[in-house]
Structures are given as C-alpha cells and as structure tokens.
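J.: In the UniProt record's numbering, the protein residues as written are 1 to 294.
Every residue gets a Cβ at the ideal spot worked out from N, C-alpha and C, and that includes glycine.
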Ligand SMILES: NC(=O)C1=CN([C@@H]2O[C@H](COP(=O)(O)OP(=O)(O)OC[C@H]3O[C@@H](n4cnc5c(N)ncnc54)[C@H](OP(=O)(O)O)[C@@H]3O)[C@@H](O)[C@H]2O)C=CC1
Ligand SMILES: Nc1nc(=O)c2c([nH]1)NC[C@@H]1CN(c3ccc(C(=O)N[C@@H](CCC(=O)O)C(=O)O)cc3)C=[N+]21
C-alpha cells in the first residue's frame with residue numbers, strides 16, 4: 001500500500017512555482033497576483049482562505065484578501081467583482097464558496113472574467129474543460145490528476161467511481177477521468193444521494209474518488225482488493241483538543257487502507273494539493289495576461 005502524500009507533492013509543486021517566481025523577479029517582471037474574496041465569517045472558509053494567502057507568500061506571489069460582511073448584497077459583491085475584473089494588477093481571483101443565502105452563486109460565478117477565473121468555475125471554462133480545450137481546471141480535481149500523475153497510478157481502462165456530483169469536485173472529476181490521455185481514459189460512474197446499491201458499484205471500482213462529506217462513509221466491505229482511494233471529504237469533528245476539532249475524510253482509513261494499493265490521507269492528501277493547483281492556475285493566468293498585453 002502506498003500513501004499518496006499530498007502534503008509532500010504540494011510542497012514540491014510550490015518549490016517549482018517559487019523557482020519560476022524567482023526567475024520573474026530576477027528579470028524585473030511583475031509577479032503573479034491572486035485575490036480571494038470571502039463573504040461572511042464561516043470558520044472553515046476563513047481557514048482555507050488563510051492557507052491560500054500564506055501559500056501565495058511562500059512562493060512569492062502577491063495576494064489580496066477581500067473580506068465582505070455576511071450581510072453583503074448581491075449587487076455589492078457584483079460591484080467588487082467588476083472592480084477585480086478591471087484591475088490590471090490582479091491576474092486571478094476566487095470567490096470562496098459557499099456564499100450567504102441572499103446571494104445567487106451562479107450569477108456571481110458568471111460575473112468573473114473567464115481569463116481571471118483561476119477556480120475554473122465560469123461556464124465558459126467548465127465548457128472548455130469538457131471539450132478538452134486548454135483552460136483553468138478546478139483546483140481540487142486538478143490536484144487529484146496531478147497526484148495520480150506523479151505517482152504513476154494507471155487510469156487507462158480502469159473503472160473509476162466518483163461519489164458526489166458537486167460542481168466544484170465530483171462533476172468535473174467525472175469528466176476529467178473519462179477524457180482522452182493520462183490521467184484519464186477511465187470508464188466513469190458518477191454516484192450521488194439517489195444512487196441505489198452503492199456498495200455494489202464501489203465494489204467493482206478500480207479507483208474511487210469520494211467527495212460527499214460524510215465521515216467514514218466508505219468502509220472496507222465496500223471496496224475490492226488493490227483499489228485506489230482518493231478521499232476528498234473534509235469534515236470538522238468537535239473534540240477536546242486546544243483547537244476544539246479535528247478534521248476527517250469520507251473514508252474509514254484504518255480499514256480501507258489494508259485493502260488499497262494507493263490511498264490519500266486526511267489531512268495531508270487532497271487538501272494541500274488543492275492549494276498548490278490554485279497557485280499553478282494563477283501562474284498560468286499571469287502568463288496569459290502578459291502574452292495578451294504584448
Ligand atoms: N480537499 C479539498 O480540497 C476539498 C474538500 N471538499 C470537501 O469534500 C466534501 C464534498 O464537498 P462538495 O464537493 O462541495 O460536495 P457537496 O457537499 O456540495 O455535495 C455532496 C455530494 O455528495 C452526494 N451525497 C450525499 N450523500 C450521499 C450518499 N449517501 N451517497 C452518495 N452520494 C451522496 C450529494 O448528492 P446530491 O447531489 O444528490 O445531493 C452531493 O452530490 C466536503 O466534505 C467538503 O468539505 C470540498 C472541496 C475541496
Ligand atoms: N471558490 C472556492 N474554491 C475552493 O477551492 C474551495 C471553496 N471555494 N470552498 C471550500 C472548498 C474546500 N477547499 C479546501 C482547500 C484546502 C483544504 C486543506 O488545505 N486541507 C488541509 C487541512 C486543513 C484543516 O486543517 O482544516 C488538509 O486536508 O490537509 C481543504 C479544503 C477549497 N474549497
């Protein structure tokens with residue numbers, strides 16, 4: 001059994017990005033600039049955005065965190081997005097999800113300039129991804145592809161079962177694993193809360209990508225020997241540590257890992273990869289931005 005060490009690989013990627021940024025600095029070029037917009041005070045969201053800003057500092061990017069109150073109206077957020085779209089200094093930005101109830105998420109994601117949409121959530125970029133055109137790939141699926149790639153996990157001809165169909169993880173993942181090329185060329189089954197007999201489906205899977213957010217959902221009895229398991233789930237479980245909680249994935253790691261050929265841990269698996277790939281998309285955005293100006 002091999003642990004897919006997202007923490008280590010994400011550090012390798014950040015070092016590679018830092019080397020690129022150092023070259024830009026040596027040439028007197030502007031470094032990539034990422035902005036993150038966060039609406040409200042959700043603890044988990046603040047932690048993630050904080051990690052993204054710290055990661056930017058680590059690789060030498062410029063970063064801006066835009067904090068808006070929980071009562072921000074849709075118009076106010078759209079105005080902010082317009083400002084970020086027009087600000088030539090900013091190469092890419094993200095709107096942290098979920099958004100408060102008064103705001104229509106689809107409308108907001110449509111307002112982001114597709115050239116600055118480093119989350120890859122704009123319909124134009126999602127469409128390009130689905131049509132095998134080069135574009136920003138959503139960071140979590142992109143991170144999973146990169147992990148499979150760097151550990152040379154065979155995906156061709158394999159049966160991949162994705163659990164969860166969210167727009168940010170499950171749905172794009174199901175498209176990407178079925179694309180031509182590597183990692184891809186998989187036969188994909190996309191499952192969700194209306195799926196019947198899920199154990200029968202997961203038992204046939206060569207690769208399982210779990211993104212539903214229910215701790216210990218995937219148990220040893222649900223998988224076959226030598227399965228590859230990617231655990232995207234992140235749930236905060238309250239405890240009596242100083243922090244007051246610990247995080248856990250969707251997979252019963254202790255038992256499933258005994259049957260798996262490759263498996264990601266939580267923490268230290270997909271989460272850190274998500275952040276590294278957001279930086280990679282920002283580097284790409286900077287490059288395209290520069291080419292357009294010349
Ligand atoms: N590591 C990382 O970088 C990231 C981690 N996450 C984590 O991944 C998890 C999923 O988040 P997200 O992708 O946003 O998904 P959502 O929370 O938006 O949706 C969950 C999905 O799981 C499906 N589902 C719920 N119950 C079942 C069930 N019993 N059997 C099968 N499918 C079920 C739902 O089905 P239906 O569509 O029918 O409701 C839905 O499609 C969360 O824990 C989140 O914190 C998310 C993003 C990045
Ligand atoms: N516009 C937008 N883009 C996103 O990419 C996005 C989002 N909204 N909303 C929420 C989800 C969630 N997400 C995570 C990123 C990093 C970790 C991460 O770094 N996890 C660490 C531990 C973190 C901890 O200790 O809490 C780990 O798994 O090792 C987790 C989850 C990005 N998301």
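Count the other CB atoms within 10 Å of the CB of residue 146; is the residue buried (16 or more) or exposed (fewer)?
T.: So residue 146 counts as buried.
J.: When the Cα atoms are used, what is the spatial distance from residue 216 to residue 241?
T.: Looking at the two C-alpha atoms, the distance is approximately 21 Å.
J.: Grouping DSSP H, G and I as helix and E and B as strand, with all else coil, what is residue 246?
T.: Here residue 246 sits in strand by DSSP.
J.: DSSP beta-bridge partners for residue 68?
T.: 39.
J.: To the nearest angstrom, how far is it from the Cα of residue 24 to the Cα of residue 30?
T.: About 7 Å.
J.: Do the CB positions of residue 207 and residue 1 come within less than 8 Å of each other?
T.: Not in contact: residue 207 and residue 1 (Cβ atoms no closer than 8 Å).
J.: Measuring from the CB of residue 55, is there a heavy atom of ligand 1 at a distance below 7 Å?
T.: Outside the cutoff, so no.
J.: Any heavy atom of ligand 2 within a distance shorter than 7 Å of the CB on residue 269?
T.: Yes, ligand 2 has a heavy atom inside 7 Å of this Cβ.
J.: Terminal residues of the continuous beta strand (DSSP E) containing residue 169?
T.: First-last for residue 169: undefined, no H or E at that position.
J.: Answer with buried or exposed for residue 69, where buried requires no fewer than 16 other C-beta atoms within 10 angstroms of its C-beta.
T.: By the neighbour-count rule (16 or more Cβ atoms within 10 Å), residue 69 is not buried but exposed.
J.: Report whether the distance from the Cβ of residue 198 to the nearest heavy atom of ligand 1 is below 7 Å.
T.: Because some heavy atom of ligand 1 lies under 7 Å away, the Cβ of residue 198 counts as near it: yes.
J.: Over what stretch of residues does the beta strand (DSSP E) that includes residue 238 continue unbroken?
T.: From DSSP, the beta strand (DSSP E) with residue 238 extends over 235-238.
J.: Taking all protein chains shown into account, do 16 or more other C-beta atoms lie within 10 angstroms of the C-beta of residue 122, making it buried, or fewer, making it exposed?
T.: The residue in question, residue 122, is buried, as its Cβ has 16 or more Cβ neighbours within 10 Å.
J.: Using a C-beta cutoff of 8 Å, does residue 291 count as contacting chain C?
T.: You won't find chain C in this structure, because it holds only one protein chain.
J.: For residue 234, is the beta carbon positioned less than 7 Å from some heavy atom of ligand 3?
T.: Absent from the structure shown: ligand 3. Ligands present: ligand 1 and ligand 2.
J.: Tell me residue 92's beta-bridge partners as DSSP assigns them.
T.: In the DSSP output, where bridge partners are listed per residue, residue 92 has 34.
J.: Could you give the DSSP three-state label for residue 199: helix, strand or coil?
T.: Of the three classes helix, strand and coil, the one that applies to residue 199 here is helix, per DSSP.
J.: Taking the C-alpha atoms as reference points, what is the distance between residue 165 and residue 230?
T.: In a straight line, the C-alpha of residue 165 is about 15 Å away from that of residue 230.
J.: In the structure shown, what three-state DSSP assignment does residue 135 receive?
T.: Residue 135: coil per DSSP, three-state reduction.
J.: Residue 99 by DSSP, collapsed to three states: which one?
T.: The answer is coil: DSSP assigns residue 99 none of H, G, I, E or B.
J.: Alpha carbon to alpha carbon, how far is residue 111 from residue 225?
T.: Cα-Cα distance, rounded: 46 Å.
J.: Check whether the Cβ of residue 35 lies closer than 7 Å to any heavy atom of ligand 2, and answer yes or no.
T.: Result no, Cβ not under 7 Å from ligand 2.
J.: Less than 7 Å between C-beta atoms, sequence neighbours within five positions excluded: which residues of the same chain meet that for residue 275?
T.: Contacts found: 10, 51, 52, 55.
J.: Would the beta-carbon of residue 103 fall within 8 Å of that of residue 83?
T.: Not in contact: residue 103 and residue 83 (Cβ atoms no closer than 8 Å).
J.: Hey, out of 92, 213, 151, whose CA is closest to residue 284's CA?
T.: Measuring from the Cα of residue 284, the nearest candidate turns out to be 92.
J.: Taking 8 Å as the threshold, find out whether the segment 200-214 comes into contact with the segment 151-167 through three or more Cβ pairs.
T.: The answer is yes - the segment 151-167 touches the segment 200-214, with three or more Cβ pairs under 8 Å.
J.: Name, in chain order, the residues that DSSP records as bridge partners for residue 63.
T.: For residue 63, which the question treats as bridged, DSSP gives the partners 34.
J.: Which of the three DSSP states is assigned to residue 188 in this structure?
T.: If DSSP states are grouped into helix, strand and coil, residue 188 belongs with the strands.
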